Amino acid sequence: MRAGRGQARGPRRRRPAPGQPADHRAAGPQDRRGQRRHRQGRRGLRQHLGRQHPARALQARRARRDREGIARTALRVRRRPVLRRPDHPLPVTGRDDVSTVKSSSTAPWWPLLRLQGAAVAPRVRLLVFPHSGAGPNTLFPLVEPLPDDVEVLGLSLPGRERRFGETPGCRLDEVLGSVTDEVLGRDPLPTVVFGHSLGALLATRTAHLLGPHCRAAVVSGQVPGRTRRRAHATSSEEDAVRLLRDGGGTPEWVMQDPDMLAHVTRVLRADIDLSREAAVGFEDIRLDVPLHVLGGTADPLVPHEPLDGWADHTTGPCRVRRFDGDHFFLLADAHRAAVVDTLREALAH
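Numbering (my numbering) for the sequence shown: 456 to 804.
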């Protein structure tokens, strides 16, 4: 019924815009205040839950930060359908010459994550392989000072950093096959490998597979050949926790948080399994490139005396440098500059 002349009319309704439902209303001041109160309520709930469950809140914050920062961090990843160890010499010319054979089981996403922004006209590539239980960004202080024309890529395995929510554990052939596939899928560049602890085994095997693509190798915190490795004696969660404490490098708040400690030890034990697999037949690996070996004189996990045996793993020159410090001597302020100089020297080959 229409309102007659002189009668009060109700609020005038706006005609809905194209594509909007007929009952759509423009948000007025009260609606906006309600939305603001709703957001504040959710924020307060998150803060309350964070105080009650700090470990879960930490995971939620990391997941939210990752979702918001993917486009901002310039970390590029590639998916590869073929993850295998090549049974033929790797081509020098790049991706167009790489043949692909589909395996019976595809592995879930083993990418190299870019540690730095895209290099401007890169002249050389550095592959970074982190230690057990860690992601490549733990070694970022060592690659940050490198020149802008160095393309830096880091191996990211499940259960850490951006792959925190993925189940830890992978096979050696999947890791090596995907790394070589990733490298050959990029523009051909002289390549140098750098690995610490577990990463030293993976870096050496990757250099062996890359053949003429690899120009030099830098290995740290790892014994050569058949030398016994203390980490390989780890058989229980208690052993893994003891290894974390003795090796150092793990923040104390992680050691005191049961949820985070359980996650870290699960990742560590999966990496130790990978290290055991990488050590099988390692004494037969021979490179044809300059090899730089770094070690700590007070390393409780890796004795420094056998480091000279790395010379048996290359036909090229082998330089061994020992530093005062424990397993993570390379990240100490006193030695960081010398380690960076070693990387620069390797990249200059």
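Note that the Cβ used here is the ideal one computed from N, Cα and C, for glycine as well.
The structure presented is a predicted model; accordingly, all values stated were derived computationally and were not measured.
- In this structure, the alpha-carbon of L746 lies about 8 Å from that of V674.
- Put simply, of P585, G703, P667 and R724 the residue whose alpha carbon is nearest the alpha carbon of L656 is P585.
- The DSSP-derived three-state label of V673 is strand.
- With contacts defined as CB atoms closer than 8 Å, A801 and L742 fail to qualify as a contacting pair.
- DSSP places E616 in the helix class (H, G or I) of the three-state scheme.
- Rounded to whole angstroms, the gap between the alpha carbons of E692 and V575 is 45 Å.
- Assigned with DSSP and collapsed to three states, T769 falls in strand.
- In this structure, the beta-carbon distance from V648 to L582 falls below 8 Å.
- Shown here for A787: same chain residues with a beta carbon closer than 6 Å to its own, the five before and five after excluded, namely G780 in chain order.
- The Cβ neighbour count for V735, taken over all protein chains shown within 10 Å, is under 16; the residue is labelled exposed.
- DSSP, read as helix, strand or coil, puts G640 in coil.
- Between the stretch 583 to 602 and the stretch 635 to 650, the count of C-beta pairs closer than 8 Å reaches three or more; the two stretches touch.
- Nearest C-alpha to S633 among R618, D642, S611 and F619: S611.
- Remark: fewer than three beta-carbon pairs, one from each stretch, lie closer than 8 Å, so the stretch 636 to 646 and the stretch 715 to 725 are not flagged as touching.
- In the three-state reduction of the DSSP assignment, H668 falls in the helix class.
- Per DSSP, reduced to three states, the secondary structure at G736 is coil, with no helix or strand assignment.
- The residues R670, A671 and P745, in chain order, have a CB closer than 6 Å to that of H804 in the same chain once the five nearest residues on each side in sequence are set aside.
- Assigned with DSSP and collapsed to three states, G780 falls in coil, not helix or strand.
- Counting along the chain, no alpha helix (DSSP H) covers E606; the unbroken beta strand (DSSP E) around it starts and ends at V605 to L610.
- Beta-carbon to beta-carbon, D694 and P755 are separated by about 14 Å, too far to satisfy the 8 Å threshold.
- The C-alpha of D636 is placed about 31 Å away from the C-alpha of R791.
- R617 sits buried, since 16 or more C-beta atoms from the chains shown fall within 10 Å of its C-beta.
- By the 16-neighbour rule on beta-carbons within 10 angstroms, A789 is exposed.
- Around the C-beta of D796, fewer than 16 other C-beta atoms lie within 10 Å, and the residue is accordingly described as exposed.
- When secondary structure is reduced to three states using DSSP, L581 falls in the strand class.
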